[in-house]
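Novice: In my numbering, the protein residues as written are -13 to 164.
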Amino acid sequence: MLEVARDLVGCVVSHAGASGVIVETEAYHDSEPACHAFVGLTNRTRTLFGPPGRAYVYRSYGIHALLNAVCEPEGIGAAVLIRALEPLDGIELMRTRRGLGRVEQLSSGPGKLTQALGIDLTENDTPLTGAGPVAIYPCPTARGDVELVVSQRIGITKAVELPWRFCAVGSVHVSRRN
DNA sequence: CATGGGATTGACT
DNA sequence: GTCAATCCCATGC
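#1: Classify P113 as helix, strand or coil using the three-state DSSP reduction.
#2: Are L27 and G85 close, meaning C-beta to C-beta below 9 angstroms?
#3: According to DSSP, is T33 helix, strand or coil?
#4: Label L71 either buried or exposed according to how many other C-beta atoms from any shown protein chain fall within 10 Å of its C-beta, with 16 as the threshold for buried.
#5: Taking C-alpha atoms, which residue in S137, S5 and S161 lies nearest to M80?
#6: Could you spell out the range, first to last residue, of the alpha helix (DSSP H) harbouring T82?
#7: Assuming P96 and I68 are in contact, meaning their beta carbons sit under 8 angstroms apart, how far apart are those beta carbons, in whole angstroms?
Laid out in C-alpha cells, this is it:
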C-alpha cells in the first residue's frame, strides 16, 4: 500500500476530458483509526474491502468528493487518497468547472481535483484500469521518477503520527507546502 | 428514528 | 487566524 502511494505520484489521472499528474498522495489502512475501514466492513467501506484497482469516492464534510485508489487484495481495507494534481490536459474545462483562472489552484487539494475533473460519488467502485470512467496510468512523458518528500498526513485527528503522506518535491500544485 | 462527526474549502476578521 | 456550509453514514436509543 505504501509502495502504491509512492508509485502513484507521477502517474496521470483522467476523467471526462481533463487529466493531471499526481503530485501528492496519502495512504490509509484498516489497521489504523484514521482509515474509514477501521470500523470494519459496512455499507460505506464495502468498496475499500473490495478488489484493488478500483475507485473509492466518498463525500467529505457534506460538500466535496474525495478520490482514492483501493490497493490491497480483497478483504483488506486499504486505499491511497489522491490529494493533488498538476493539471495536464483539459485545463480550460477544469477552469470552467472550478470557476477559477489560476492553474496552481485548479487541483491543489483532494476536493479541488475531483471538482476539476468532474468526479463525484457515481464514480465510486468503478475500475481505474481504463475500463471505467476514471483512469490512472503512468505518465507518457518522462515524469515517472519524481523525488518525494514524506510527512505526516493532513486534516485528520487520529493516527496523526504516521508518515504516510507523499509529495513531489518542489511542486507548486500540492495542497500545502513544507 | 435522531444525532454527531468528518481524509475540506473559501470567505471573512 | 476563525468559521460555516452541508450530507452521508455509523452508532445508539
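Glycine residues also receive a C-beta, built at the ideal position from the N, C-alpha and C atoms.
Computed from a predicted structure; not experimentally measured.
Specialist: On the basis of the supplied data:
#1: Stepping through the first sequence from its first residue, residue 113 is reached at position 127. In the three-state DSSP reduction, P113 falls in the strand class (E or B).
#2: For the purposes of this step, residue 27 is identified with residue 41 of the first sequence, where counting begins at 1. For the purposes of this step, residue 85 is identified with residue 99 of the first sequence, where counting begins at 1. No, they are not a contact pair.
#3: Translated into the one-based positions of the first sequence, residue 33 becomes position 47. Note: T33 maps to coil in three-state DSSP.
#4: To locate residue 71, count along the first sequence from 1; it is residue 85. In this structure L71 is buried. Its beta-carbon is surrounded by 16 or more other beta-carbon atoms within 10 angstroms.
#5: Taking the first sequence and counting its residues from 1, the one referred to as residue 80 is at position 94. That would be S5, whose Cα lies nearest to the Cα of M80.
#6: Here residue 82 corresponds to residue number 96 of the first sequence, with the count starting at 1. It spans I77 to R84 - the alpha helix (DSSP H) in which T82 sits, taken as one unbroken run.
#7: By one-based count along the first sequence, residue 96 stands at place 110. By one-based count along the first sequence, residue 68 stands at place 82. P96 to I68, Cβ: 7 angstroms. Contact.
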